[in-house]
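Protein chains in written order, with our numbering: chain A, 1 to 300; chain B, 301 to 628. Have a look at the structure below before the remarks.
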């Protein structure tokens with residue numbers, strides 16, 4: 001190759017000649033969703049994750065069947081959505097989300113987030129992605145985007161399986177709010193969507209923490225366990241009244257606030273700080289992941 | 301880079317215009333946090349269009365150098381350019397033109413060979429997605445993996461994994477290939493196929509850097525050689541330049557070895573040894589024709605005379621030591 005050839009081919013958009021195929025001029029788009037779609041395919045095409053999804057979906061199924069077989073006595077109230085299921089099937093979704101929020105949903109997010117960078121490092125595919133080249137910031141953005149999509153899908157899965165099965169077994173109807181008032185069915189369904197959005201935000205924030213943890217190690221399982229320990233540790237600290245000073249700063253503190261979205265009118269006292277908390281955790285740990293991974297030596 | 305210091309470390313490489321170099325580095329050094337200097341002030345000069353054999357014992361710093369070249373790790377000091385672009389600043393522009401195989405193949409085990417290539421291709425936003433299928437098929441064909449393309453990577457043999465990694469480096473036409481032990485784990489048939497493939501690529505102008513410890517491979521396809529030892533680039537140049545550096549020996553076949561040996565000593569040849577009807581000595585500065593004349597003059601019956609230079613293997617051992625231990 002001559003000097004002239006080298007200079008000429010330094011144009012980034014020019015596909016260098018020298019091969020039989022692909023030697024056409026192609027101007028890359030500034031934004032391409034191909035890598036992102038490939039990332040989603042990797043997550044949602046993996047058998048392990050299907051098993052995880054199945055476990056998430058089992059909870060609302062279990063609740064619906066249990067309540068159908070042995071209906072609870074009417075009355076009660078508070079956060080106990082179980083009591084309302086027989087009047088409105090949509091509450092199967094809310095019961096399932098309440099029960100999965102402390103462990104199953106964080107576990108699912110921890111498994112996915114822990115795998116993002118550490119998993120690729122463990123397999124060695126990280127070095128090949130970086131030499132493609134995938135810009136390191138772009139890699140993190142794509143990985144984070146995939147975590148957020150997974151958080152939404154996992155929450156939707158629990159909610160939709162619960163809602164569908166509940167409506168099929170117990171029928172729909174007006175929704176009795178936690179404040180005791182009654183909302184029309186579709187308003188109640190819209191409230192369920194708000195709940196899904198709020199939980200997705202909380203889980204995405206945990207995912208951002210997980211993304212950071214995942215840049216620290218080459219062991220995906222270790223990363224997953226660390227993320228889970230952080231989440232459960234936060235829940236435990238949140239349950240100790242003597243630590244109330246730090247409660248509002250814990251990442252899990254506002255998770256349960258989604259119940260407020262079922263009051264009439266919606267109580268924002270905990271939901272709004274919950275949203276800010278989720279955004280802050282996402283921003284801080286997203287930045288931390290970037291700072292850590294941006295200049296790190298990839299020796300895996 | 302204005303004044304690359306190529307002349308150090310006993311390299312025989314003449315200073316070249318950096319623009320003609322596919323890879324050039326100046327004082328490239330990597331000291332790990334443990335304090336170990338894995339790569340020590342390496343001045344690589346890989347001419348464009350060459351097939352460059354990157355040699356060295358296990359642990360001599362070849363792979364670390366390759367990681368430095370590709371920007372996977374940052375240098376402690378020094379700088380380098382790929383295809384005339386400074387790294388790592390120019391990586392977004394230059395890396396699409398570079399195909400690489402680093403420290404063995406690595407793919408997602410639960411994806412098929414084809415799906416793995418599709419993922420690599422999807423990550424490259426400078427290629428046309430519309431041609432992905434054609435390019436992936438072509439790459440699979442080139443490494444003879446088309447028939448096993450739908451098999452999960454988990455079930456691939458080491459040789460098939462190696463082939464898939466080479467296919468990954470050939471997903472698009474490249475100006476530079478950096479291949480770390482590409483024939484590792486391949487059967488003799490596969491080794492030959494890869495050698496032929498690299499020859500074909502080099503013939504179309506692709507610069508190939510081939511890290512290997514198979515010297516026969518180097519002798520067959522490389523035009524240039526660089527030798528690493530304990531993190532240092534101890535030799536670099538064309539294959540013939542390096543061969544010329546190695547000490548030549550005069551070998552005389554004669555029925556009177558004692559007289560021949562004496563004659564050689566008188567001429568000033570050193571390390572004279574005789575075995576059977578064979579006398580050999582280090583030629584040094586003495587011209588071979590003078591040796592023949594002297595032998596005839598001394599009435600030594602000469603049955604055969606040859607000047608033999610050390611093979612690449614001997615030279616390699618000379619440069620990197622006899623020890624079997626890996627470099628620490």
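Every residue gets a Cβ at the ideal spot worked out from N, C-alpha and C, and that includes glycine. Keep in mind that this is a model prediction, so the values were computed, not measured.
On the DSSP letters alone, give me the boundaries of the beta strand (DSSP E) that residue i sits inside.
i, result
"residue 347 of chain B", "345-347"
"residue 393 of chain B", "Premise fails: residue 393 of chain B lies in the alpha helix (DSSP H), 391-394, not in any beta strand (DSSP E)."
"residue 501 of chain B", "No beta strand (DSSP E) contains residue 501 of chain B, which is instead part of the alpha helix (DSSP H) from 488-503."
"residue 370 of chain B", "Run containing residue 370 of chain B: none; DSSP gives neither H nor E here."
"residue 322 of chain B", "321-331"
"residue 341 of chain B", "337-342"
"residue 352 of chain B", "351-355"
"residue 459 of chain B", "From DSSP, residue 459 of chain B is part of no beta strand (DSSP E) but of the alpha helix (DSSP H) over 458-469."
"residue 385 of chain B", "385-387"
Using a Cβ-Cβ cutoff of less than 7 Å, which residues in the same chain neighbour residue i once the five nearest sequence positions on both sides are dropped?
i, result
"residue 583 of chain B", "548, 549, 550, 569 and 607"
"residue 205 of chain A", "251, 278, 281 and 282"
"residue 113 of chain A", "147, 207, 210, 211, 214 and 227"
"residue 235 of chain A", "102 and 252"
"residue 515 of chain B", "612, 613 and 616"
Provide the residue span of the alpha helix (DSSP H) that contains residue i, from first to last.
i, result
"residue 275 of chain A", "271-294"
"residue 213 of chain A", "185-214"
"residue 436 of chain B", "432-442"
"residue 511 of chain B", "Segment 507-511 is the beta strand (DSSP E) holding residue 511 of chain B; no alpha helix (DSSP H) there."
"residue 520 of chain B", "515-521"
"residue 536 of chain B", "Residue 536 of chain B -> not in any alpha helix (DSSP H); beta strand (DSSP E) instead, spanning 532-538."
"residue 426 of chain B", "Careful: residue 426 of chain B lies outside any alpha helix (DSSP H) and carries neither H nor E."
"residue 220 of chain A", "220-238"
"residue 164 of chain A", "136-170"
"residue 617 of chain B", "612-620"
"residue 43 of chain A", "34-44"
From residue i to residue j, what distance separates their C-alpha atoms?
i, j, result
"residue 154 of chain A", "residue 336 of chain B", "46 Å"
"residue 456 of chain B", "residue 62 of chain A", "41 Å"
"residue 59 of chain A", "residue 293 of chain A", "37 Å"
"residue 78 of chain A", "residue 101 of chain A", "Low confidence applies here, because residue 78 of chain A scores a pLDDT of 45, under 50, leaving its location unreliable and the question unanswered by this model."
"residue 421 of chain B", "residue 244 of chain A", "51 Å"
"residue 67 of chain A", "residue 98 of chain A", "16 Å"
"residue 259 of chain A", "residue 139 of chain A", "35 Å"
"residue 619 of chain B", "residue 359 of chain B", "15 Å"
"residue 176 of chain A", "residue 189 of chain A", "12 Å"
"residue 51 of chain A", "residue 43 of chain A", "12 Å"
"residue 419 of chain B", "residue 38 of chain A", "6 Å"
"residue 553 of chain B", "residue 559 of chain B", "12 Å"
"residue 70 of chain A", "residue 87 of chain A", "14 Å"
"residue 221 of chain A", "residue 338 of chain B", "30 Å"
"residue 443 of chain B", "residue 413 of chain B", "12 Å"
"residue 126 of chain A", "residue 298 of chain A", "8 Å"
"residue 344 of chain B", "residue 402 of chain B", "18 Å"
"residue 302 of chain B", "residue 349 of chain B", "Reliability fails at residue 302 of chain B, whose pLDDT of 38 lies under 50, so the model's placement of it is uncertain and the value that follows must be treated cautiously. Distance between the alpha carbons of residue 302 of chain B and residue 349 of chain B: 22 Å."
"residue 262 of chain A", "residue 178 of chain A", "6 Å"
"residue 120 of chain A", "residue 239 of chain A", "36 Å"
"residue 159 of chain A", "residue 117 of chain A", "29 Å"
"residue 266 of chain A", "residue 216 of chain A", "40 Å"
"residue 598 of chain B", "residue 581 of chain B", "17 Å"
"residue 496 of chain B", "residue 436 of chain B", "20 Å"
"residue 291 of chain A", "residue 363 of chain B", "26 Å"
"residue 438 of chain B", "residue 446 of chain B", "9 Å"
"residue 219 of chain A", "residue 229 of chain A", "15 Å"
"residue 124 of chain A", "residue 533 of chain B", "27 Å"
"residue 464 of chain B", "residue 489 of chain B", "16 Å"
Less than 8 Å between C-beta atoms, sequence neighbours within five positions excluded: which residues of the same chain meet that for residue i?
i, result
"residue 454 of chain B", "409 and 410"
"residue 529 of chain B", "356, 357, 360, 619, 620, 621 and 627"
"residue 563 of chain B", "594, 595, 598 and 600"
Among the residues of its own chain, which have a CB less than 6 Å from the CB of residue i, if the five just before and after it don't count?
i, result
"residue 24 of chain A", "Reliability of the predicted coordinates at residue 24 of chain A is poor, the pLDDT of 44 falling under 50, and no value is obtained from them."
"residue 91 of chain A", "81, 84 and 85"
"residue 310 of chain B", "Note that residue 310 of chain B has pLDDT 37, beneath the 50 cutoff, so the model's placement of it is unreliable and the number below is only indicative. So the list is empty, once near-sequence residues are dropped."
"residue 524 of chain B", "350, 352 and 538"
"residue 502 of chain B", "351 and 508"
"residue 94 of chain A", "81"
Original post:
Does the pairing of the region 508-515 of chain B with the region 418-434 of chain B give three or more beta-carbon distances under 8 Å?
Top reply: no
Original post:
Where are the beta strand (DSSP E) runs, 3 residues long or more, that stay fully inside the region 545-601 of chain B, in chain order?
Top reply: 548-553, 570-575 and 578-582
Original post:
So does the region 322-330 of chain B actually touch the region 366-383 of chain B, counting three or more Cβ pairs closer than 8 Å?
Top reply: Touching, per the Cβ criterion.
Subject >> At least 3 beta-carbon pairs within less than 8 Å: the region 155-162 of chain A vs the region 177-197 of chain A >> reply: The answer is yes - the region 177-197 of chain A touches the region 155-162 of chain A, with three or more Cβ pairs under 8 Å.
Subject >> Length-filtered (4 minimum) alpha helix (DSSP H) runs lying within the region 54-118 of chain A >> reply: If we require 4 residues or more, the alpha helix (DSSP H) runs fully inside the region 54-118 of chain A come out as 91-100.
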